[in-house]
Amino acid sequence: MRIVFKTDYMQDIRPWKDGYQLSLYLILLAVVFAAPWWLDAFYLGELTNVLIWAIAGLGLMILTGHTGQASLGHAAFLAFGCYANVILIESGVPFLVAFPLAGILTGIAGVTVAIPALRLHGIYLAIFTLALSILMDDLIVLAEPITGGVAGKYMGGVEIFGHLVDRWGTPEQFYWLVLAVTVLVTLGYINLLRTPLGRSFIAVRDSEVSAQAMGIDIARTKTVSFALSCAVTGWAGALMGLYAGAFNNETFSVVISIQLLMMIVIGGLGSIHGAFLGAIVIGFLPQFLSIAKEYAGALFGGGTVAIPGLEFGIFGMILIGFILFEPMGIYGRWLKIRTWFELFPFYRKDMFKRQKSYLKTERLR
Amino acid sequence: MDNAQLLISGLANGCVYGLIALGFVLIYKATEAVNFAQGDFMMLGAFVTIGLTNTEYMGLPFWLALPISLGIMGALGYLLDRLIIRRLFGESQTAVVILTIALGFVIRFVAGLIWGHEPQTLENPLAGKEVRFGGLVLGMEDVAVIVVTVLLTWGLYVFFSKTKLGLAMQGASQNQLAAYYMGIPVKRVQGFIWGLAGVVAGIAGILFAAKGSVDPTTGLLGIKAFAAAVIGGFGSLPGALAGGLIVGVIEPFASRYIAAGYSQIAPYALLLAVLIFRPHGLFSQVRVKKV
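Residue numbers (our numbering), protein chains in the order written: chain A, 729 to 1093; chain B, 6 to 296.
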């Protein structure tokens, strides 16, 4: 059992709890930074993919996990960021300028979406964003002169200070680029949660009425949340485009939107860890399934059979299991396990129990 | 004459959207949750009936298979509530949304496993028959779809506004706790409504499979039914039907008169426009929340 003695008010607002926690994360960072030396090229690529999904998950987490606005349309912003980045680079802007700009442009796009969406709640917002994601698919096809339409676009590598960073040619450098973006976004996110803005996000999530009573401008808070969320998602989209190399309107279909939302639910809504844990599940599930299938094939004598839709079926079942038995996701489960050890003999079963509320409609008829 | 033909086929399609939307509205009206798997339910209903009727499967007579498959769908809806949804009692709406999306994935996977991924049609006594009506040629299936949908919507509307059970359902959705105090068995009511939604999805699936072919991804049609339900205002049964008809009629006219590429976005553009300008639908039932 470890006890943190608080001797200073600054300790409450520091990003890390104590030196022990800080050193754990520094060790994790060092291990991940050294990944190219202890992983082969294939798994390094997979890890890069996981990090990119984690960035996208962080983007959605700001909006859904911390502001409580469920979005089923973030693939639209992934697509926006991806196309903005590539089009800027193609028109001669260097990558180091184009990349941040792509995120900022996506953030602006997010604000233009947020303004009409401000009046929508819960299910209506989910449907609005779902429709948006479907529309984006068609819009990319329609805007063929800019986006290349169904044929799509191709972006091999990017130049940073005259040094070519390419997913296939130089996977290590590409991995470090993605890792750098991940670390920067994560640090920004941790900092955001310490600011009045981040606190007001959480207040809006927990109760709009009481947030308003505390003097929070709900419309402004939601708009800023949309902007930040979409900007981060745009960066993830730009990296996703570089990772995929070639992409078209179907790369960012509505299924990706749904997958992204489910990913952060599995990981744990409302926590930064959740985005990473969910991304690991999403990233390694296909590999895990193919290994399991080979194993089952060897065990029962039959060859490996391709079952279409298996991945999504399993994914759906995992998700249903989590919502029923662990609504706080993988991170919630980890918190419970850790608390059990930290408080060893004193852990109670109902410690994390959430208050249930009875339903009251806003309809009158 | 051409336009009239387009209108009729649009109405028939719109009725299917309307029927899926009815399923959304039923569940929304009674439990304030939205079943994102309603489209997949429809697909499942179609496949269950195909599995019972078509000669390559069980080959039962159509009129015998009909009540059996509706019974199966109703039971599935009830069991779904009993085993899964009821555990979420008191959780947020978003949890139910995500759960039903996941359920849709699972249903699509299971249907693909059992019935394969090839498009299939339902063998039915109406297939191939036509009605000629003043120069218009109508398929019997289209006529059946329109008639059944209108009757069903009317019946459900009367059920909700006139019968004791229907009023109990409305009460249960408006304020669960107060409904408990009034002696309404809220949980049983919720189970019943999920069963009813299963039956409605079964009817929609049978009509859809009689009109055209179904495959496991047909359920994604549910997204268009969202447009129908949103236009109708999510809490109104006639509104859902009206919304379905609007979406259904817009589609063939858009693909005829608007350039290709722009036409398929018409229903979604309409959906966005309604959400932006009338966020609670054309048949609104919501006022600003007061403390």
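For every residue, glycine included, the Cβ atom is placed at its ideal position computed from N, Cα and C.
By the rule that beta-carbons nearer than 8 Å mark a contact, E256/B does not touch chain A. A contact between stretches requires three or more CB pairs, one per stretch, nearer than 8 Å, and the stretch 966-986 of chain A meets this requirement with the stretch 893-912 of chain A. Between G82/B and G227/B, the CB-CB gap reaches or exceeds 8 Å. In the three-state DSSP reduction, F975/A falls in the strand class (E or B). Pairwise C-beta distances place the stretch 939-956 of chain A out of contact with the stretch 808-821 of chain A, as fewer than three of them are shorter than 8 Å. When secondary structure is reduced to three states using DSSP, Y852/A falls in the helix class. Taking 8 Å as the cut-off, the beta carbon of G240/B is found no closer than this to the beta carbon of A26/B. Between S861/A and S985/A, the gap from beta carbon to beta carbon is short of 8 Å. Using a Cβ distance threshold of 8 Å, Y22/B and K229/B count as a contacting pair. Judged by DSSP secondary structure, D894/A falls within the beta strand (DSSP E) whose first and last residues are 891-894.
Distance from the CA of L1063/A to the CA of D147/B, rounded to the nearest whole angstrom, comes to 56 Å. Residues of chain B whose Cβ lies closer than 9 Å to the Cβ of F733/A do not exist; the shortest such Cβ separation is about 37 Å. Check the Cα spacing between F110/B and each of I151/B, N40/B, L143/B, V142/B: the tightest is with N40/B.
Residues of chain A whose Cβ lies closer than 9 Å to the Cβ of F231/B are, in chain order, I855, L858, A859. In the assembly as shown, D736/A is an exposed residue. Its beta-carbon has fewer than 16 other beta-carbons within 10 Å. Under the three-state reduction of DSSP output, N59/B falls in the coil class, being neither helix nor strand. By the CB criterion at 8 Å, L277/B and A859/A fall inside the cutoff. Contact between the stretch 93-113 of chain B and the stretch 1036-1047 of chain A is established, with three or more Cβ pairs separated by less than 8 Å. Spanning the alpha carbons of N129/B and G224/B requires a straight line of approximately 21 Å. Approximately 7 Å separates the beta-carbon atoms of P743/A and N919/A; this is inside 8 Å, confirming the contact. In the three-state DSSP reduction, F213/B falls in the helix class (H, G or I).
The bridge partners DSSP lists for Y1059/A come to none. Taking Q125/B as reference, the option from V153/B, S178/B, L156/B, T58/B with the minimal CA-CA separation is T58/B. With a 10 Å radius around the Cβ and a threshold of 16 neighbouring Cβ atoms, A837/A comes out buried. By the neighbour-count definition (other C-beta atoms within 10 Å, threshold 16), R922/A is an exposed residue. Here the alpha carbon of A35/B sits roughly 10 Å from the alpha carbon of F29/B. Taking all protein chains in view, the Cβ of E887/A is surrounded by fewer than 16 other Cβ atoms within 10 Å, so the residue is classified as exposed.
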